[in-house]
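Have a look at the structure below, then the notes.
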Amino acid sequence: MSDPAKATDVPARVDIAEAWQRASMSGLHPSSRVDGLSYAEVDRRSRLLVAAGPVLDTLAERLDGTRYCVILADREARIVERRFGQRVLAPAMDAISAAPGTQYTEAFTGTNSIATVHETQRGMRIAGDEHFIEALKRFCCYGHPIVNPLTRRLEGVLDITGFAADVNDLLAPFLIMATREIEQRLLLGARAAQQNLLTAFQTVSAQVHCPVLALGEGVSLANPSATTELGPQDHVVLRAMAVSEAVGDRCKHPLTLASGRNAVVEMAPVHGGGDGVIVRVSVDERRPRSTRTPVASTSPEPRAHAPTVLVVGEPGTGRSTWSRGRLAPDDAVVIDACDDLGWTEWARRIRNPGGPPLILENLDLLPSCNLSRLRHTLKRSLTARITATAAICGSPNSEYAALVSMFDDVVELAPLRNRPSDLPAIAAAMLAELDPTKERSLSPGLLDVLVSQPWPGNLHELKSVLRQMLVGTDFPNLTIQDLPASLRGPSHRPQRTPLAEAEYQAILGALNECGGNKVKTARKLGISRATLYSKLRVFRIIA
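Every letter in the sequence shown is one number past the one before it in full-length UniProt numbering, and letter 121, counting from 1, is 121.
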């Protein structure tokens, strides 16, 4: 990895030196080029652009005739607008890709007052040689984060850029005042959106008698029917669905309520209501109540008459539980690759003609020398039903890939973090199992916290947390105060769009398959190392 200190002196300022180190870790070099960066379409109707438009007009008027450029970037550090005091600066900005549609992160452009302010979320001046990339050293720039006053989340970065010879520290307070005005306009816009959402909620509630909810940024409303007919778990599930669902048009989803009744959930966006959505729940009272609780998985069942099935999932997702549920657990023979049985004993158990069904645990951990043996043994085995579990499906190991190909079907169990709508029912079933002598319940606030956690240990970790909560409390209703101290703080799991979640899962999967090697991961994903490092930081996979 290149060291920027070998190319030129590292600046004395600690924050700049740290930014240089981050740029170097992203695979950049001071000689890296920033021209020709890729562009993406800009949403001209975004809340940020609508709020910032009049402020940018005022800034452009005040900077008229100067050699400064005002640049607005969004929460992903993508430039969405720019205004010039003199057009003479436009070609210079184009030459460094500082144009609408470009994502100006440190991974692509090194140290500058858009990328570094976006990374640190602190106002900053960067001038001349403080830039990491040589092509940017001819500029001075001032950037300040734009924070949504309602949610306290980063909405974007406001920047003023000029030539290094025109450095002027008086631009900093000027920029801060403009940032505050944009934030105030965001707040007013949010309040107007909330009012529109409230109006839509009142209109729909007056027309129907079913449960109705209004969910939006800083807003959660429920009519009397929603309060009486839906339980706390149902409210949490519906909020999770509203967050994960990109509601552009009216859509419907089936849902089994915590009471066991079947329902249809209809979601409709509120025009002028920001990200708000109206949720209507039509409950089918005619259908019998179901007592089934989705504890192991909501993954699809294997194909009918599939004698051999491979169950794939992260540790803790319930692979063993699923396998035992498919077979008669008292009759099945369980063989674990982690057990030091020796190949002779493995072969003896598998070759048992007409014997009981087999469960082969942790197939991916079987020593390489036994993969080929197992494949040939399974070909000759007379055992009718075999279920195997593994953490991975695909592998560069050709012998393992050949063994996987022998199975009639592959069932993949989703990790708990990807099943927010299932978590309340799963947690309730676990509580009943852990403490069958009492009726326990989870408060809505507690369920919200549990749903927002990343759960790297999946079902095992959730069960462990619930077990800790039960120690030392006899109260039937568990609250946030009963959580272990490590989970009481704000959740570190961001709310992502479906596209961002798909990117996140693809990167995690590729990292796991490549053993954490980022060069191989970037190659597997078909992206540059710089892009991969940028995504890793955006998704908080690395610091």
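Backbone N, C-alpha and C fix where the C-beta goes; we use that ideal spot for every residue, glycine too. Predicted, not measured: the structure shown is a model, and the values here were computed from it.
Going by C-alpha to C-alpha distance, which of 158, 455, 15 and 450 sits closest to residue 479? One-based indexing of the sequence shown puts residue 479 at position 479. Shortest Cα-Cα distance from residue 479 to any of 158, 455, 15 and 450 involves 450.
- Message: Relative to the C-alpha of residue 268, which candidate in 281, 254 and 250 has its C-alpha closest?
- Response: Here residue 268 refers to the residue found at position 268 of the sequence shown. Nearest of 281, 254 and 250 to residue 268, Cα basis: 250.
Option in 140, 111 and 124 with minimal Cα separation from residue 132: Taking the sequence shown and counting its residues from 1, one reaches residue 132 at position 132. If we check each option's Cα against that of residue 132, 111 comes out closest.
- Please go through the same chain and pick out, in chain order, the residues whose beta-carbon is closer than 7 Å to the beta-carbon of residue 440, but skip the five residues on each side of it. Numbered from its first residue, the sequence shown carries residue 440 at position 440. Within the same chain, Cβ atoms closer than 7 Å to the Cβ of residue 440 are found at 431, 476 and 478, the five residues on either side in sequence being excluded.
Note down the Cα distance separating residue 71 from residue 55, rounded to an integer number of angstroms. Taking the first residue of the sequence shown as 1, we reach residue 71 at position 71. Taking the first residue of the sequence shown as 1, we reach residue 55 at position 55. Roughly 12 Å between the two C-alpha positions.
Report the three-state DSSP secondary structure of residue 108 (helix, strand or coil).
Counted from its first residue, the sequence shown places residue 108 at position 108. If DSSP states are grouped into helix, strand and coil, residue 108 belongs with the helices.
**Prompt:** Skipping 5 residues on each side, what residues in its chain have a beta carbon closer than 7 Å to that of residue 51?
**Reply:** Taking the sequence shown and counting its residues from 1, the one referred to as residue 51 is at position 51. Only 182, 185, 186 and 189 meet the Cβ criterion.
| message | I'd like the ranges of any alpha helix (DSSP H) spanning at least 4 consecutive residues and lying wholly in the stretch 409–480. | response | Runs of alpha helix (DSSP H) with 4 or more residues, each lying fully within the stretch 409–480, are found at 423–434, 444–452 and 458–470, listed in chain order.
Between the stretch 30–37 and the stretch 61–68, are three or more C-beta pairs nearer than 8 Å? Contact between the stretch 30–37 and the stretch 61–68 is absent, because fewer than three Cβ pairs lie under 8 Å.
#### Entry: Other residues of its chain near residue 312: CB distance less than 8 Å, five sequence neighbours each side excluded
Your numbering for residue 312 matches position 312 in the sequence shown. Only 319, 389, 390, 391, 392, 393, 410, 411, 412 and 413 meet the Cβ criterion.
Which residues in the same chain as residue 371 place their Cβ atom closer than 6 Å to its Cβ, once the five residues preceding and following it in sequence are excluded? Locating residue 371 in the sequence shown gives position 371, where the first residue counts as 1. Excluding sequence neighbours, residue 371 sits near 399, 400 and 403.
>> With a threshold of 7 Å on Cβ separation, who are the neighbours of residue 178 within its own chain once the five nearest residues in sequence on each side are excluded?
In response: Here residue 178 is taken as the residue at index 178 of the sequence shown, counted from 1. The beta carbon of residue 178 is closer than 7 Å to those of 55, 59 and 158 in its chain, skipping five residues each way along the sequence.
Endpoints, alpha helix (DSSP H) assigned at residue 14: Along the sequence shown, read from residue 1 onward, the residue named residue 14 stands at position 14. Where residue 14 is concerned, the enclosing alpha helix (DSSP H) starts and stops at 14–25.
Checklist entry - How should residue 232 be labelled, buried or exposed, when 16 other C-beta atoms within 10 angstroms of its C-beta is the threshold for buried? => result The count along the sequence shown starts at 1 and reaches residue 232 at position 232. Using a 10 angstroms sphere on the CB of residue 232, the tally of other CB atoms reaches 16 or more, which defines it as buried.
Exercise. Just reading off the beta strand (DSSP E) that residue 407 is part of, what are its end residues?
Worked result: As a working note, residue 407 is residue 407 in the sequence shown. Segment: none, residue 407 is in no beta strand (DSSP E) and carries neither H nor E.
| request: Answer with buried or exposed for residue 207, where buried requires no fewer than 16 other C-beta atoms within 10 angstroms of its C-beta. | output: Against the sequence shown, residue 207 aligns to sequence position 207. So residue 207 counts as exposed.
Chain-order list of residues whose beta-carbon lies under 8 Å from that of residue 442 (same chain, five-residue window excluded)
Position 442 of the sequence shown, counted from the first residue, corresponds to residue 442. Closer than 8 Å at Cβ, skipping near neighbours: 232, 233, 424, 427, 428, 431, 450, 477 and 478.
Check whether the stretch 160–172 and the stretch 130–144 are in contact - that is, three or more C-beta pairs closer than 8 Å. The count of Cβ pairs closer than 8 Å, one atom from the stretch 160–172 and one from the stretch 130–144, reaches three, so the stretches are in contact.
* Asked: Short check: CB of residue 145 to CB of residue 123, under 8 Å?
  -> Here residue 145 refers to the residue found at position 145 of the sequence shown. Here residue 123 refers to the residue found at position 123 of the sequence shown. Their beta carbons are under 8 Å apart, which means residue 145 touches residue 123 by this criterion.
Legend entry - Buried versus exposed, by CB contacts within 10 Å (16 or more), residue 555: Shown here, the chain extends from 1 to 543; a query on residue 555 therefore has no answer.
From residue 523 to residue 107, what does the alpha carbon distance come to, in whole angstroms? As a working mapping, residue 523 is identified with position 523 in the sequence shown. As a working mapping, residue 107 is identified with position 107 in the sequence shown. So the alpha carbons of these two residues sit roughly 17 Å apart.
* **Enclosing beta strand (DSSP E) for residue 252 [first to last residue]** => On the sequence shown, position 252 is the one that residue 252 refers to. Note, residue 252: beta strand (DSSP E), 251–256.
Same chain, Cβ closer than 8 Å to residue 307, neighbours up to 5 away in sequence not counted | As a first step, residue 307 must be located in the sequence shown, where it is residue number 307. Around residue 307, the same chain offers 384, 385, 386 and 408 as residues with beta carbons nearer than 8 Å, after the five sequence neighbours per side are excluded.
Quiz item: residue 233 by DSSP, collapsed to three states: which one?
Solution: Walking along the sequence shown from the start, residue 233 turns up at place 233. Here residue 233 sits in helix by DSSP.
key: Where residue 155 falls, given that 16 or more other Cβ within 10 Å makes a residue buried   = For the purposes of this step, residue 155 is identified with residue 155 of the sequence shown, where counting begins at 1. In the assembly as shown, residue 155 is a buried residue. Its beta-carbon has 16 or more other beta-carbons within 10 Å.
### Task
Measure from the alpha carbon of residue 446 to the alpha carbon of each residue in 374, 334 and 483, then state which is nearest.
One-based indexing of the sequence shown puts residue 446 at position 446. Checked all of 374, 334 and 483; the closest Cα to residue 446 is 483.
Exercise. What distance in whole Å lies between the Cβ atoms of residue 30 and residue 119, which are believed to be in contact at a cut-off of 8 Å?
Worked result: Stepping through the sequence shown from its first residue, residue 119 is reached at position 119. Stepping through the sequence shown from its first residue, residue 30 is reached at position 30. Actually they do not touch by this definition, with Cβ atoms about 18 Å apart.
Identify every residue that forms a DSSP beta bridge with residue 310.
-> The sequence position of residue 310 within the sequence shown is 310, counting from 1. 388 and 410.
- Quickly, what does DSSP pair residue 102 with across the bridge? List them, please. For this step, residue 102 is matched to residue 102 along the sequence shown. Looking at the DSSP output, residue 102 sits in a beta bridge with 39.
ask   = When the Cα of residue 23 is compared with those of 130, 75, 41 and 94, which residue comes out closest?
value = On the sequence shown, residue 23 is found 23 positions in, with the first residue counted as 1. It is 130.
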